[in-house]
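S.K.: Here the sequence shown stands for residues 42 to 200, numbered as in our numbering.
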Amino acid sequence: MKNGIHSFHLIFAAGLIIAGLGGNGAAQAAESQFFGRWMVSDDKPVFTTKGKQWKTFDVAPCGADFCGVAVDDKESCGATLFRFLTIHANNDELVGHGRWGADKKKLIIDYTKPDTGPNTLYLGLGANDMDFSGREGSMPTFDANYKRLGDAVCTVKTS
């Protein structure tokens, strides 16, 4: 009987360890093509007051998700612009909502892999009927092309 109880405790402890490791691994994306610092790459970008927060942003894990955080001209971290579930970390297109001043607008981010040159992002914010794939729907309130500058520094503090 003593061996049976001992075996049960070992199996139970091993199960807890495996469950704990599996839970942590599944909760956060290890890598994503979206992770990093992104800056507008358009030739002569013009920004409104609300659009300035989208000039440069960092994308990094935040808890069980991944988030975009505004980076200002002095490289200080700003507001959280968007948050996506980890299950979307390796999609080529993200669709959700992003911050536009005090409001939220529909957000679409397309990850592009050109035949030559670096990979880029094309981002648009607009009304709920905004759509990149066709002629239907509205035009974006804001849209820009982005180039990757390096690793993300700004992250969302999670408790």
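C-beta: ideal position from N, C-alpha, C; glycine also.
When the distance is taken between beta carbons, is residue 91 closer than 9 Å to residue 137?
M.R.: No, these two residues do not count as a Cβ contact at 9 Å.
S.K.: Using beta carbons (cut-off 9 Å, strictly below), is residue 183 in contact with chain B?
M.R.: Among the chains in the structure shown there is no chain B, since it carries only a single protein chain.
S.K.: Identify the continuous beta strand (DSSP E) that holds residue 149 and give its terminal residues.
M.R.: Run containing residue 149: 144 to 153, per the beta strand (DSSP E) assignment.
S.K.: At 3 residues or longer, what runs of the beta strand (DSSP E) sit wholly inside the region 79 to 139?
M.R.: Counting whole runs of 3 or more residues, the region 79 to 139 contains the beta strand (DSSP E) stretches 97 to 103, 106 to 112 and 118 to 126.
S.K.: For residue 168, is the classification buried or exposed, using 16 other Cβ atoms within 10 angstroms of its Cβ as the cut-off for buried?
M.R.: Per the 10 Å Cβ criterion, exposed.
S.K.: Closest by CA to residue 201, which one among 95, 73, 82 and 108?
M.R.: The chain is shown only over 42 to 200; residue 201 falls outside these bounds and no answer can be derived.
S.K.: Could you give the C-beta distance for residue 130 and residue 73, rounded to a whole number, given that I count them as a contact under 8 Å?
M.R.: Their Cβ separation, rounded to whole angstroms, is 4 Å, which keeps residue 130 and residue 73 in contact under 8 Å.
S.K.: How far does the beta strand (DSSP E) with residue 188 in it extend, from its first residue to its last?
M.R.: Note, residue 188: beta strand (DSSP E), 183 to 191.
S.K.: Quick check: what's the CA-CA separation for residue 113 versus residue 94?
M.R.: Cα to Cα, residue 113 sits roughly 7 Å from residue 94.
S.K.: Going by CA-CA distance only, name the one from 97, 125, 174 and 128 that's closest to residue 77.
M.R.: Selected option, being the one with the closest Cα: 97.
S.K.: Helix, strand or coil, according to DSSP, for residue 157 in the structure here?
M.R.: It is coil, neither helix nor strand.
S.K.: Whose C-beta lies closer than 7 Å to the C-beta of residue 179 among residues of the same chain, with five residues either side of it excluded?
M.R.: If we look at residue 179 and ignore the five residues flanking it on each side, its Cβ neighbours are 167, 168, 170 and 171.
S.K.: Give me the Cβ distance between residue 165 and residue 183, rounded to the nearest whole Å; I'm assuming they're in contact under 8 Å.
M.R.: Rounded, the Cβ-Cβ distance is 7 Å, consistent with contact.
S.K.: Under 8 Å Cβ to Cβ from residue 155, same chain only, skipping five residues before and after it: list those, please.
M.R.: Counting only Cβ-Cβ distances below 8 Å, and skipping sequence neighbours, we find 161.
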